[in-house]
């Protein structure tokens with residue numbers, strides 16, 4: 002899904018567009034993870050923010066420590 006910068010509501014913030022650098026930067030800060038961890042989570046569960054957040058809260062990262 003292409004990010005529509007004209008949208009200001011919450012609808013556009015339910016998905017992470019990993020092809021947009023500013024989105025990757027925003028979500029790594031929001032979720033407290035690295036870019037690689039974010040991309041791995043998206044590859045594993047898809048771009049839905051809540052699914053990515055849940056994935057990152059588990060031991061899927063190297064080292065077994067959740068990043069959120």
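In our numbering, the protein residues as written are 2 to 69. Even for Gly, the Cβ is constructed at its ideal location relative to N, Cα and C.
If you draw a straight line from the Cα of residue 40 to the Cα of residue 50, it comes to about 12 Å. Residue state for residue 38 is assigned as helix, using DSSP reduced to three classes.
Here residue 58 carries a coil assignment [DSSP, helix/strand/coil].
Annotation for residue 25: 19, 36 and 39 place their beta carbon closer than 7 Å to its own, counting only its chain and skipping 5 residues before and after. Cβ neighbours of residue 28 within its own chain (closer than 7 Å, five residues either side excluded): 17 and 39.
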